[in-house]
Structures are given as structure tokens and as C-alpha cells.
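Numbering of the sequence shown is given in our numbering, commencing with residue 31 and proceeding in unit increments.
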Amino acid sequence: MNRFLLFIPLLLLAHACGPQAASSQIQTQVCVYGGSEAAFTAAIQAARMGKDVVLIEPTGHPGGMVVEGIVKDIRFGSSVVIGGICRELYTNIERVYGREARFEEPGWFSPYEPHVAEAEIEKLLAAQKRIRIIRRQRIREQGGVRKEGAKIQQITLEDGTTIAAEVFVDASVEGDFLHFAGIGTETIREGNARYGETKNGIRAESPSRQFEVQVDPYRIPGDASSGLIATIQAGDLGTPGAPDKHIMGFCFRLCLTKNENNRLEIAQPAAYDLATYDIYRRYLAAGGKLFKPQVNREKGKTDLGSWHDLSANLYGENWEYPAGDYATKDRIVQHHEDFTRGLIWFLQHDPAVPEQTRQDWEGWGLCKDEFTDNGGWPRRLYIRSARRMVSDYVITERHTWRENPLPVDDPVALAWWPPDTHHARRIVRDGYAYNEGFVFGGDDWRPFGISWQALIPKTAECTNLITPTCVSSSYVAYGAIRILPTFMMLGQAAGTAAALAADQEIAVQELSYATLHARLIQDGMILDLPADWLHIITHND
């Protein structure tokens with residue numbers, strides 16, 4: 031059975047490009063930590079600016095969800111503002127398939143295969159001889175970050191390796207580095223009152239991706255005293271707009287195929303329990319139509335996502351993850367894998383599943399040529415939300431408003447996506463299963479600039495750390511930022527800022543935005559919205 035590689039201390043230093051560490055004590059100028067889409071762009075940018083860089087990649091595979099299953103994270107015409115290293119990567123990927131990228135064509139996206147994206151990322155990294163990669167290592171939970179005053183001096187990895195740097199970048203999604211460094215973070219849905227929002231906290235109504243059929247939630251149908259079936263949590267709706275600990279569901283973005291020469295069967299898990307999937311049996315019996323694999327990428331492969339009323343998102347079962355220790359995170363990741371493997375087995379084999387649904391899933395399996403070091407299974411769970419930094423500047427829903435948005439004078443990248451938060455809970459409402467928490471789309475949002483100030487901590491907390499992925503934002507605003515191209519571009523911005531701050535030997539808070547802006551533009555970043563942005567998003571949803 032797979033063990034999620036992000037959370038396995040293999041005590042291994044691995045090399046992909048640049049010189050290997052000769053000892054357990056490393057001195058560098060910029061240290062980038064994290065397994066996200068922003069980590070490799072931050073490292074490449076800092077190296078291109080002449081800095082020695084250590085990239086710590088806990089998963090072992092730089093690229094985040096770009097190489098772990100997601101393909102279509104360009105939408106609403108967002109390709110028109112993709113610039114810098116992110117643009118370079120997509121261009122290189124398209125050339126592998128003999129095509130030219132079409133960024134100026136709203137609605138365009140690249141249907142690449144994960145292993146192709148990974149190969150191109152590794153080539154970009156290998157070209158930078160100043161980058162040293164440490165793979166499959168995490169920061170030590172206890173005593174892993176040493177500070178003097180507000181400045182980080184060094185970090186210690188689980189195998190005892192120490193890295194001292196002038197500037198650090200937390201390019202994880204988890205935000206553990208921030209937390210270990212004593213920087214304030216948030217993990218919950220804050221509630222509307224905190225930042226004057228309308229879409230945060232508990233949702234009064236959640237019509238998007240709501241159950242299409244009525245599903246009895248009780249073990250003995252109609253008998254509340256019998257207890258709840260799996261995937262449904264106890265408790266009532268609560269007060270609309272109030273804070274809540276539950277956050278949007280996670281899933282694996284599976285790459286499947288029906289090609290017999292490239293297919294790996296998904297076997298029944300050892301821990302398979304039919305009762306776990308009672309809600310699916312009842313949903314199907316009530317006439318519900320489940321999600322199914324569809325070819326949406328090269329070579330007949332899938333990006334099997336989960337955003338439906340009933341799919342592989344485990345709503346309400348991940349709230350411990352953001353603030354959890356490594357053991358908690360490991361457990362939740364493994365639970366998602368066991369559940370997802372069992373769900374596919376159930377849909378392919380259980381006689382209670384209607385014939386049409388079994389036919390929809392029949393013949394699909396993992397790809398032999400994807401995630402080859404992990405049996406065809408993605409090495410990373412799609413963590414949609416974890417820790418978010420709380421700094422002096424906080425991005426909120428009000429930045430996303432189409433009418434009278436909060437202005438941004440110091441953008442380092444553009445967010446071109448509506449607030450997008452998947453359901454956070456599955457409860458009983460009016461006697462039936464009910465999904466709560468989805469926010470998406472509508473005609474009240476607009477693209478916006480992501481402020482440089484949202485990437486840096488409060489001065490009193492830390493003066494030499496930047497985060498492109500755990501930016502200071504509310505839960506609902508983060509839903510408009512957490513997109514692959516946006517993270518890649520924020521990573522480049524963080525790498526640029528880290529290099530400039532190291533050059534000038536200053537706190538990151540002292541860096542001149544004018545200097546940062548000039549360098550970002552020089553390196554191909556796009557920081558101004560096109561004049562026809564409203565027409566683009568209106569016609570390319």
C-alpha cells in the first residue's frame with residue numbers, strides 16, 4: 031500500500047541538479063522550502079539572479095500539483111496574464127507535443143501529462159547550477175527553526191541536516207515552516223465579521239454542487255437514533271456567517287487510462303469496508319448520477335478531480351490537517367488514499383452499483399508511465415487549504431469584488447479566478463444528507479493584483495522569510511489565489527524578492543516595491559490587467 035511521500039522521513043539527500051551537499055551543514059544565500067507549484071519557480075528565479083539556492087522538496091518531485099495530477103487550472107481566460115517562468119514552462123510543455131502555446135487565446139489550456147511536466151521542470155532546474163536540491167526531507171518538528179530575535183538563522187531537517195541562509199521562502203501549502211518560525215497563521219473559515227466579508231464562514235445556503243437526490247443519512251433509514259452512515263458528520267448547520275473549523279475537502283487528482291498496454295488495475299484495499307460506501311449505494315438507488323472518468327489530457331488520460339455533489343472529496347474529515355503534526359497529516363493522507371482506492375473498487379465491482387455506472391468505470395486503471403516510483407498513484411494529496419499567514423496586510427473577499435474592489439498598489443502577480451472554496455462539511459439538514467460550504471463563480475468577481483505586503487510577515491515576527499503560497503489572506507480570498515499558475519508566478523515573485531533582499535542585506539519588509547516591480551517586469555511578469563478583462567471573463571467561463 032502506498033505511503034504518501036511528502037510525509038515519509040527517508041533520511042535521504044538526493045540530487046537533481048547542481049552540486050550535492052558534502053556535509054550536514056549547508057550555508058546558502060536563499061533557501062526555498064516546500065512541495066508546491068511555487069517552490070521550483072522561486073528557486074529558479076533566485077538562481078538566475080546569481081544566488082546560491084537550496085531547494086528542499088519534501089515530496090521528492092518539484093512541481094507540486096503540476097506534476098501530481100492537475101491539468102486544467104487555466105480558465106476564465108486567465109492564460110492572458112500568465113508570464114515569467116510559468117509561461118516558459120507551459121511553452122516548453124507544448125513544444126514536447128509539437129504545438130505552440132496560445133496564451134493570448136482566452137480559454138486555452140495545455141492538456142499535458144504529469145510526467146511530461148515533471149521532466150520539463152527538472153530540465154529548468156538542472157540548467158541552474160547554483161541550485162542544490164534536497165529531496166524527501168521535512169523540517170524537524172521540534173527545534174527545527176532557530177531564530178535570533180526576528181531573524182531565522184538556520185533550519186534543521188529530520189535527518190539532522192542544517193541549512194543557514196540569508197533569506198528563506200516557505201513555498202509549501204501546509205505552512206509548517208511559518209508556524210515553526212513563530213509567525214502567526216490561520217487555519218479556519220474566519221467568519222464574515224472578521225474582515226467585512228459575505229462569503230466566509232458557515233454558508234446559509236450551499237446550492238453549488240448540492241445533492242441532486244435525497245439521501246437518507248441514517249444507518250437504519252428514517253431512524254435518527256441508529257447513527258449516521260460514513261462521510262456524514264454530526265451537528266447542525268450552525269449560524270450562517272460564523273467562524274468554523276472545517277475547511278474545503280481534499281482529494282487525489284488521479285491520472286487514469288483505459289489503454290491496456292499502459293494500465294495498472296486498482297486492487298481492492300486490504301482495509302476495504304463496504305459500509306464506508308453506503309452513501310454511494312443510496313445515492314445511486316435514488317437515481318443520482320455519479321462523477322466518472324473522462325479523457326481530458328494527452329494519450330487518453332484523465333485528470334480525475336472531485337468537486338461534485340458526491341465524489342472522492344471527504345468533506346468534514348480533514349479539519350485537523352492544517353494545524354496537525356506530521357503524524358496527523360500522515361494519517362489523514364492515508365485515509366484519503368484508502369477511501370479513494372476503495373471507492374474505485376466499489377464503483378467497478380459492487381453488484382449494488384447500476385450497470386451503467388459500472389460501465390462508466392470499467393476498464394479504467396492507473397498509468398504505468400505516471401508516478402512510476404509510487405505504483406501509478408499520485409505522490410501528493412491535493413491540499414486545497416491549510417495554514418495562511420496573518421500579517422499586517424490581509425487579502426480579503428473585498429479585493430475580489432467587481433464593483434468597488436479594494437485597490438492594490440503593489441501587485442507581484444495577478445489572481446484571475448473567482449473565490450473558490452469546495453464544501454467543508456457533510457451534515458444532516460431537513461432529514462437528508464447536505465453539503466455545506468461551496469463558494470464558486472458568479473458575476474460579482476474580478477481579477478485582482480496580489481499585494482507584495484501579503485507575502486511578508488509582520489516585522490516583529492520575522493524579517494527574512496517570504497511566502498508565495500500561504501499568503502496573508504482570508505479563507506474565502508485564498509480560494510481565488512490557490513491556483514497553479516498563480517502559485518508559480520507568486521513563486522517567481524518570492525524568488526525575486528529573496529534575491530534582492532539578500533543582495534541589499536536588508537529585511538524583506540525594507541525592500542523597495544519599485545525595485546521589485548522593475549525586476550518582475552524585466553523578467554516577463556504581467557502585473558496589469560488587460561483593458562478588456564471583463565469581456566474576457568464574461569465570455570470564457
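C-beta atoms are modelled at their ideal positions from N, C-alpha and C, and glycine is treated no differently. On a predicted model such as this, the values are computed, not experimentally measured, just so you know.
Kindly indicate the opening and closing residues of the beta strand (DSSP E) around residue i.
i, result
"L373", "Run containing L373: none in the beta strand (DSSP E); it sits in the alpha helix (DSSP H), Y356 to H379."
"A194", "T192 to A194"
"N465", "Y462 to E466"
"V83", "V83 to E87"
"V458", "R455 to R459"
"E178", "V175 to E178"
"P441", "P441 to A445"
"G395", "G395 to C397"
"T186", "K181 to T186"
Assuming residue i and residue j form a contact by the criterion Cβ under 8 Å, report the distance between their Cβ atoms to the nearest whole angstrom.
i, j, result
"V83", "V60", "5 Å"
"A382", "P247", "The pair is not a contact, with the Cβ atoms about 18 Å apart (cut-off 8 Å)."
"I115", "T71", "5 Å"
"A578", "L557", "This structure gives no information on residue 578, because the portion of the chain shown stretches from 31 to 571."
"L411", "V458", "The pair is not a contact, with the Cβ atoms about 27 Å apart (cut-off 8 Å)."
"G93", "I56", "About 23 Å; that fails the 8 Å criterion."
"R239", "N465", "6 Å"
"K398", "N326", "Rounded, the Cβ-Cβ distance is 19 Å, inconsistent with contact."
"C500", "L208", "6 Å"
"N570", "P136", "4 Å"
"G64", "A201", "4 Å"
"T516", "K181", "Not quite, the Cβ-Cβ distance comes to about 29 Å (not below 8 Å), so this is no contact."
"R117", "G554", "7 Å"
"E204", "A416", "5 Å"
"R388", "Q378", "6 Å"
"A454", "G354", "Their Cβ separation, rounded to whole angstroms, is 16 Å, which puts A454 and G354 out of contact at 8 Å."
With DSSP as the reference, identify every bridge partner of residue i, one or two as the case may be.
i, result
"W475", "W431"
"F198", "C61 and L495"
"T215", "M419"
"I164", "I86"
"Y248", "L258"
"V469", "T451"
"S481", "P441"
"T287", "G395"
"C281", "Y412"
"L436", "DSSP, once it has assigned bridges, lists no residue as partnering L436."
"Q55", "T192"
"H320", "In the sequence on display, residue 320 carries Leu and not His. Paired residues: none, contrary to the question."
"I169", "L187"
"D103", "Paired residues: none, contrary to the question."
Quick one: give me the first and last residue of the alpha helix (DSSP H) that residue i is part of.
i, result
"D206", "D206 to F210"
"A76", "E67 to R78"
"L546", "Y543 to Q552"
"T402", "Where T402 is concerned, there is no enclosing alpha helix (DSSP H), given that its DSSP letter is neither H nor E."
"L155", "P144 to A156"
"I567", "W563 to H569"
"P299", "That residue, P299, is in no alpha helix (DSSP H); it is neither H nor E in DSSP."
"I115", "G114 to V126"
"I309", "D308 to A315"
"Y508", "Y505 to Y508"
"D533", "L514 to Q534"
"A223", "N222 to Y225"
If you check the beta carbons only, do residue i and residue j fall under 9 Å apart?
i, j, result
"K288", "E400", "no"
"I480", "V538", "no"
"A524", "V199", "yes"
"I277", "Y505", "yes"
"I104", "S140", "yes"
"H452", "G467", "yes"
"D274", "I218", "yes"
"R448", "G509", "It should be noted that the sequence gives Pro, not Arg, for residue 448. It is a contact, given that the beta carbons lie within the stated cut-off."
"S108", "P477", "yes"
"L344", "H366", "yes"
"V62", "K229", "no"
"E143", "E328", "yes"
"Y356", "F280", "no"
"A68", "E87", "no"
"L340", "F369", "no"
"L520", "V111", "no"
"A223", "G271", "yes"
Are the segment 479–497 and the segment 420–431 touching, with three or more C-beta to C-beta distances below 8 Å? At 8 Å Cβ cutoff, the stretches touch.
When you compare the segment 64–81 with the segment 523–534, are there three or more beta-carbon pairs, one atom per stretch, that lie closer than 8 Å? yes
Determine, using beta-carbon pairs with one atom in the segment 303–319 and one in the segment 251–261, whether at least three such pairs fall under 8 Å. yes
Would the segment 181–191 and the segment 153–172 be scored as touching if the rule is three or more Cβ pairs under 8 Å? Cβ pair count under 8 Å is three or more, so yes.
Check whether the segment 402–410 touches the segment 335–344, taking contact to mean three or more Cβ pairs, one atom from each stretch, closer than 8 Å. no
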